[in-house]
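Student: Below: one structure in structure tokens.
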Amino acid sequence: MAPVAALVRDVPDFPEPGVLFRDITPVLADAEAFTVVATELAALVGEADIVAGVEARGFLIGSAVAVVAGVGVVPVRKAGKLPRVAASRRYALEYGEATLELPGGVVTSGNRVFVVDDVLATGGTAGAACALLRDVGAEVTGFGALVELRALGGRDRLVGDVAVHSLLTY
Numbered sequence: 064m065a066p067v068a069a070l071v072r073d074v075p076d077f078p079e080p081g082v083l084f085r086d087i088t089p090v091l092a093d094a095e096a097f098t099v100v101a102t103e104l105a106a107l108v109g110e111a112d113i114v115a116g117v118e119a120r121g122f123l124i125g126s127a128v129a130v131v132a133g134v135g136v137v138p139v140r141k142a143g144k145l146p147r148v149a150a151s152r153r154y155a156l157e158y159g160e161a162t163l164e165l166p167g168g169v170v171t172s173g174n175r176v177f178v179v180d181d182v183l184a185t186g187g188t189a190g191a192a193c194a195l196l197r198d199v200g201a202e203v204t205g206f207g208a209l210v211e212l213r214a215l216g217g218r219d220r221l222v223g224d225v226a227v228h229s230l231l232t233y
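Residue 64 is where the sequence shown starts when you use our numbering, and the numbers rise one by one after that.
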């Protein structure tokens, strides 16, 4: 993972003063690094039927993971982006509040879902995505992220017995 980690850029004072942003864009742009990320996370999908990619970079990573794992992918979207909504969940995040929605008629009761996002920070988005999937009767089999910001405690905020995996930790 060292070559992947070397591509992550530190961007100080973004999106606001005092925040150190970990930019994964160079990882996504590098074919070899992106393949490593997709392959490593796909190995964690296990018996899941589908991967849920959380908006927006989670769509990119989740789609690649699903292809490598040989399963489908579903987007977990910000509010107002879907024509049919199965469920929605409001949650707190580092800089305010947001709402996530799940497309209607795609994930059903009993589906096993592996959730993928780019970064696990405070756990607000990850927790909301997992709760949203449970709201429609799905079983969340695990959560995978490219980057985890351990000091923000997101791992501890995920409820239940969700196995949490991160490829890089800061």
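Glycine included, each C-beta is placed from N, C-alpha and C at the ideal position.
Ignore the nearest five residues each way along the sequence and tell me which others in R153's own chain have a CB closer than 6 Å to its CB.
Tutor: Taken in chain order, the residues that qualify are T162.
Student: Looking at the unbroken alpha helix (DSSP H) that takes in T88, where does it start and where does it end?
Tutor: Unbroken alpha helix (DSSP H) run through T88: T88 to A92.
Student: Among residues of its own chain, excluding the 5 on either side of L70, which ones have a beta-carbon nearer than 7 Å to its beta-carbon?
Tutor: For L70, where only same-chain residues beyond five positions count, the Cβ hits under 7 Å are P89, V90, D93 and A96.
Student: Would you report the Cα separation of G217 and A184, rounded to the nearest angstrom?
Tutor: Spanning the two alpha carbons is a distance of roughly 5 Å.
Student: Buried or exposed: which applies to V67, given that a residue is buried once 16 or more other Cβ atoms fall within 10 Å of its Cβ?
Tutor: By the 10 Å Cβ count, V67 comes out buried.
Student: On the CB-based measure, 16 or more other CB atoms within 10 Å of its CB, does S229 come out buried or exposed?
Tutor: S229 should be labelled buried.
Student: Figure out for me which residue from L231, V222 and A214 has the closest Cα to the Cα of V82.
Tutor: When only C-alpha atoms are compared, the closest one is A214.
Student: For my contact list, A14 and V170 are in at a C-beta cut-off of 8 Å; report their separation, rounded to the angstrom.
Tutor: Because residue 14 is not part of the residues shown, which for the chain are 64 to 233, the question remains open.
Student: Is the CB-CB distance between R220 and G173 below 8 Å?
Tutor: Cβ distance not < 8 Å, so R220 and G173 don't count as in contact.
Student: Where does T188 fall in DSSP's three states?
Tutor: T188: helix per DSSP, three-state reduction.
Student: Taking 8 Å as the limit between beta carbons, can you name the residues of its chain near V179, skipping five residues before and five after?
Tutor: The residues are L104, V114, A115, G116, V117, G121, I124, G125, V128, F206, G207 and A208.
Student: Taking DSSP's pairing of strands, which residues face E211 in a bridge?
Tutor: BP columns for E211 point to L183 and T232.
Student: Would you list, in sequence order, the uninterrupted beta strand (DSSP E) runs of no fewer than 3 residues that lie entirely inside the segment 99-175?
Tutor: Whole beta strand (DSSP E) segments, 3+ residues: 113-117, 135-141, 148-156 and 159-166.
Student: From which residue to which residue does the beta strand (DSSP E) around P75 run?
Tutor: Unbroken beta strand (DSSP E) run through P75: R72 to P75.
Student: In this structure, does DSSP put E95 in helix, strand or coil?
Tutor: Residue state, collapsed to three classes: helix.
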